[in-house]
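Numbering (numbering that gives the first Met the number 0), first residue to last: 0 to 752.
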Amino acid sequence: MDRSRAFVKDVKRLVVKVGTAVVTRADGRLALGRLGALCEQIKTLNSQGYEVIVVSSGAVGLGRQRLRFRRLVNSSFADLQKPQVELDGKACAAVGQNSLMALYDTLFTQLDITSAQLLVTDNDFRDRDFRNQLSETVKSLLALKVIPIFNENDAVSTREAPYEDSSGIFWDNDSLAALLALELKADLLVLLSDVEGLYSGPPSDPNSKLIHTYIKEKHQGEITFGDKSRVGRGGMTAKVKAAVSAASAGIPVVITSGFAVENIIKVLQGECIGTLFHQNAHLWAPIKEIGAREMAVSARESSRRLQALSSHDRRKILLDIADALEANEKLINSENEVDVASARQAGYEKSLIARLALKPGKISSLANSIRVLANMEDPIGRVLKRTQLADGLVLEKTSSPLGVLLIVFESRPDALVQIASLAIRSGNGLLLKGGKEAKRSNAILHKVITTAIPENVGGKLIGLVASRDEIPDLLKLDDVIDLVIPRGSNKLVSQIKNSTKIPVLGHADGICHVYVDKSANMDMAKKIVLDAKVDYPAVCNAMETLLVHKDLVHTEGLNEIIVDLQTEGVTLYGGPRASSLLNIPEARSFHHEYNSMACTVEFVDDVYAAINHIHQHGRHVSIFILIQNILSPCLCTHPYLVTINWEMYQFFTCLSYFGSAHTDCIIAEDHEVAEVFLRQVDSAAVFHNASTRFCDGARFGLGAEVGVSTSRIHARGPVGVEGLLTTRWILRGSGQVVDGDKGVVYTHKDLAN
């Protein structure tokens, strides 16, 4: 548990304030799902012995929505043409309060919980007797395990807008919650919002960072607030003011999202979510956050301690991680579901959402892969070659960790688990930067994994980079970081390669081809083609182009393949020949990685034409873009350079006679044709009569993979443990010196390892 969150072990009574944005949807209607989940959390806490007091907003907004509907129903067409008078806020409050409490009562009744409504006004708190009676009433309700639900009685309140004035005791439900926490001697105040917590700027600004612990001395002058709440009175400004007030009085406050699953429970479990306000915060959190260099140096130091462990102890770390993943599967899946829901709401592409989601059974599969990796031969310190240089002088070439790896990946949280386990098995330190769309998934996976790492190694072995702003600084650390592996889009890989002196291992495209030869068994071809495209279309080893021998154009076997692909929902695009013969739209380019239920089909004359097609189509688009970028400052003002640009493009197209070099497959019964394909296709993985989906570290028996490399230096294809190792030379002597090679008789004799 984070030291700043240790106070939660003493919490018995808490006040939970639910904002209007949490209670209602964007259209003003009740958010029944969120309210139901909230009530279930409160039920759980109630059964665990916590005393929960709720302060709920939403009555005015709900009442306004209902009264607008009622006015619409009762209006004539002529009435609707007239300017609409704004509804009286107090009438809205009176109608909405009744509806809101009826809903709370219904939800809690379904959970076998009783709730009670308490309406208060600002003037009530000026009466000492009222305050005493309020405390006694709440005490009695809590003793009976009843949930008190407070709201300001806006229907009869005498205060007019603006709500905050010098005479007010409270001015909205945030300040009411802070006041009640103090009056009722609560141990914790939780303010639920529609964002994760307090950010350094507007949450919509990509440069804004979540503040985990609010330190007045540091943050008071740095924060830029965004717009106020879309529906309520306060917004984040009001929450921060209420939180600071309560914290200064000794009541810890956490501002967190009411949209996420079980956030109140997570706060009480000591998880570092949301923003904490505490009177001792300045004693806990460092004013300066850890920098890129410090993170990388810590990873290197931890990796050296990891390498010093015995093989048995390193293996045990992996087995402990596998067990921890399975033990926390429910929590991991809950966080992942929030990421997926947020991605859908943000309008991300379906292919990205598919990569983001952890499918049922995925955690168990990852845990089993880690166990396979743990039970493999220890890769560190293996003697690869022994040579007797001279009598009593033996040289050993041994395997050794690279050092510190920086992995930048998009979308797939399961990649974090695979990469972390491979780094531990190979003895490397690791820095990880995942996509913002998988923020919650990556955070919980990182926490589960690093918690399982023993203290004598340290959780800093694996660092999780919080912001993309830190990436440029990390890419400059060629003296500390030894290898960068980008996993993601062509754009991501290209940007990183162009931004660092550190060696980069990865691939920019995954344009995988399946060639169906005229000798193919068409039943086999149908199975392989469907699997290669449909099994998991969002990954880099899925088929993107189907090449078919021209003799199969009008055959029943090909027709079945085309029909089955379309039946599965695959959108087909054709090359110049296939588009007319199959009556399908023409593809804009052969150089396209769909990552979705779509692919390109083209006919070729023979296996040699298929090989040429594979080699030709892939990367020269990237070269064209590079040329364009070089010349772009001149293009706008010098028309002649446009011609030069196109000529250079054609020239480089001829030079770039190679494809994406990822995975390509031939389906053929003619073994001579198959051997030609296997020998001549220059890709990282080339298959005969097998789906491209087999190009995967786990399926290759590597335990896991950090990615698929299409580089030709160091590692190629699925990169497992061996791809994260280098070599060292160890020389064992008995006092020999060179002395001009006078006293040494070299034997250079190979010895058994």
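A virtual CB, placed ideally from N, CA and C, is assigned to each residue, including glycine.
Assigned exposure category for residue i - 16 Cβ within 10 Å defines buried
i, result
"D226", "Low confidence applies here, because D226 scores a pLDDT of 48, under 50, leaving its location unreliable; read the following figure in that light. So D226 ends up on the exposed side."
"E671", "exposed"
"N45", "buried"
"G346", "exposed"
"D171", "buried"
"E721", "exposed"
"D121", "buried"
"H590", "buried"
"K549", "exposed"
"H747", "exposed"
"P161", "Per-residue confidence for P161 stands at a pLDDT of 40, beneath the threshold of 50, marking its modelled position as unreliable; the derived number appears in the next sentence. By the neighbour-count rule (16 or more Cβ atoms within 10 Å), P161 is not buried but exposed."
"R69", "exposed"
For residue i, the three-state DSSP class (helix, strand or coil)
i, result
"P453", "coil"
"V53", "strand"
"P584", "coil"
"A5", "helix"
"E163", "Low local confidence applies: a pLDDT of 43 at E163 is under 50, so the model's placement there is unreliable, and no value is given."
"S192", "strand"
"G573", "strand"
"P717", "strand"
"I369", "helix"
"T43", "helix"
"G434", "coil"
"I484", "strand"
"N150", "strand"
"E395", "strand"
"R698", "coil"
"K496", "helix"
"M542", "strand"
"F623", "Note that F623 scores 34 on pLDDT, short of 50, meaning its location in the model is unreliable; the coordinates nonetheless yield the value given after this. Helix at F623."
"H754", "Since the first residue shown for the chain is 0 and the last is 752, residue 754 is missing from the structure and cannot be characterised."
Beta-carbon gap between residue i and residue j smaller than 8 Å
i, j, result
"A586", "V569", "no"
"G716", "A673", "no"
"L755", "V464", "Residue 755 lies beyond the residue range present for the chain, which begins at 0 and ends at 752; the question has no answer from this structure."
"I484", "G505", "yes"
"L405", "A419", "no"
"A751", "R381", "no"
"I378", "S425", "Note on residue identity: the sequence assigns Pro, not Ile, to residue 378. Yes."
"A291", "L460", "no"
"L546", "H512", "yes"
"A389", "Y745", "yes"
"T554", "T599", "no"
"A660", "T709", "yes"
"A422", "L179", "no"
"G249", "Q268", "no"
"G462", "S297", "yes"
"A177", "A245", "yes"
"E85", "L133", "no"
"E559", "V533", "no"
"Y213", "F276", "yes"
"L365", "V416", "yes"
Enclosing alpha helix (DSSP H) for residue i [first to last residue]
i, result
"P471", "470 to 474"
"D563", "555 to 566"
"M523", "521 to 533"
"F676", "670 to 679"
"Q417", "412 to 425"
"F129", "127 to 142"
"M235", "235 to 247"
"I663", "Note on identity: in this sequence residue 663 is Asp, with Ile being the wrong assignment. Per DSSP, D663 belongs to no alpha helix (DSSP H); it is in the beta strand (DSSP E), 662 to 666."
"I406", "First-last for I406: 403 to 408, but that is the beta strand (DSSP E), not the alpha helix (DSSP H)."
"A597", "First-last for A597: 597 to 603, but that is the beta strand (DSSP E), not the alpha helix (DSSP H)."
Bounding residues of the beta strand (DSSP E) (the contiguous stretch that carries residue i)
i, result
"A757", "Residue 757 is absent from the model: the chain starts at 0 and stops at 752."
"Q387", "382 to 389"
"I461", "461 to 463"
"L308", "Element bounds for L308: n/a, residue is neither H nor E."
"Q344", "Looking at the DSSP string, Q344 is not in any beta strand (DSSP E); the run it does join, the alpha helix (DSSP H), is 328 to 344."
Determine contact between the stretch 488 to 495 and the stretch 528 to 539, defined as no fewer than three beta-carbon pairs at a distance below 8 Å.
no
Any contact of the stretch 14 to 24 with the stretch 191 to 210, i.e. 3+ C-beta pairs under 8 Å?
yes
Examine the Cβ distances between the stretch 722 to 738 and the stretch 407 to 416 and report whether three or more of them are shorter than 8 Å.
no
With three or more C-beta pairs closer than 8 Å as the rule, is the stretch 93 to 107 touching the stretch 49 to 63?
yes
Within the chosen definition, does the stretch 367 to 378 reach the stretch 699 to 716 through at least 3 CB pairs nearer than 8 Å?
yes
Given 8 Å as the limit, is there contact between the stretch 333 to 341 and the stretch 437 to 451, that is, 3 or more CB pairs closer than that?
yes
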